[in-house]
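Here the structure comes first, spelled out in structure tokens, and everything after it is commentary.
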Amino acid sequence: MASTTTLSFVSEPETQQQKAHNLLFKTKAKALAARTVEQEWFSYIAEPTDPSVDALVYWQASNARFPTIYSMAIDILPIQGSAVPCERIFSSGKMTATDQRNRMGGDLIEELQMLKFQFKQNHSLSFTQGLGMDEKIFDLESLGKQEIYSYVATLK
């Protein structure tokens, strides 16, 4: 039996530019449009970089030269660079949806998260706000127990 040898290729890790190039050009775009985008890409890569220039200002000035990459940049630039707020939300959600509360639906978890946020912002809950009952409740709270019982008895 003849032995077969397998050649294994050790590939170099892709650079950021190669990854971006593959993302742009390994799509289902038409050949003509891909050539235009590819030319745009190589023109962009060939430009010298200046770290002192604000990215938003640069892309506003480069809109006509790199329209495809500009549209991608405008989508990507607003993305927040930090994951801390996202991590806080997941941590807060983990405290709400514990193993003992695993059957709560998404709506209830959302409502509980909103309530937790309101409490952390020092907002209190008022179940009678906007119902015109504030004066009546204040009057009832100022009465003693005996007066409350007699007042409730008059309502029946």
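For the sequence shown, UniProt numbering gives the first residue as 1, with consecutive numbering after it.
Beta carbons are placed, not taken as given, at the ideal position from N, Cα and C, and that holds for glycine.
What you are looking at is a predicted structure, and each value in this text was computed from that prediction instead of being measured.
Should I69 be labelled buried (16 or more other beta-carbon atoms within 10 Å of its own) or exposed?
The residue labelled residue 69 in the question sits at position 69 within the sequence shown. I69 should be labelled buried.
Range of the contiguous alpha helix (DSSP H) that encloses S71
Walking along the sequence shown from the start, residue 71 turns up at place 71. Taken as a continuous stretch (DSSP letters only), the alpha helix (DSSP H) holding S71 covers 67-76.
To the nearest angstrom, how far is the alpha carbon of L155 from that of S124?
The residue labelled residue 155 in the question sits at position 155 within the sequence shown. The residue labelled residue 124 in the question sits at position 124 within the sequence shown. Roughly 29 Å between the two C-alpha positions.
Would you call the CB atoms of S92 and Q113 closer than 9 Å?
The count along the sequence shown starts at 1 and reaches residue 92 at position 92. The count along the sequence shown starts at 1 and reaches residue 113 at position 113. In this structure, Q113 lies closer than 9 Å to S92 by Cβ.
Reducing DSSP to helix, strand and coil, say where E110 ends up.
To locate residue 110, count along the sequence shown from 1; it is residue 110. In the structure shown, E110 sits in a helix (DSSP, three-state: H, G or I).
So, are the CB atoms of W59 and A73 less than 9 Å apart?
Position 59 of the sequence shown holds residue 59. Position 73 of the sequence shown holds residue 73. It is a contact, given that the beta carbons lie within the stated cut-off.
Quick check on DSSP: helix, strand or coil for D50?
If you number the sequence shown from 1, residue 50 lands on position 50. Here D50 sits in coil by DSSP.
Reduced DSSP category for I79 - H, G, I as helix; E, B as strand; rest coil
Position 79 of the sequence shown, counting from 1, holds the residue named residue 79. The answer is coil: DSSP assigns I79 none of H, G, I, E or B.
Which of the three DSSP states is assigned to K143 in this structure?
For this step, residue 143 is matched to residue 143 along the sequence shown. Residue identity differs from the one stated: residue 143 is Leu in this sequence, not Lys. Correct three-state label for L143: coil.
Take the Cβ of A31 as the centre, count every other Cβ of all protein chains shown within 10 Å, and call the residue buried at 16 or more, exposed below.
What you label residue 31 is simply residue 31 of the sequence shown in a count that begins at 1. Note on A31: pLDDT 49, under 50, position unreliable in the model; no value is reported.
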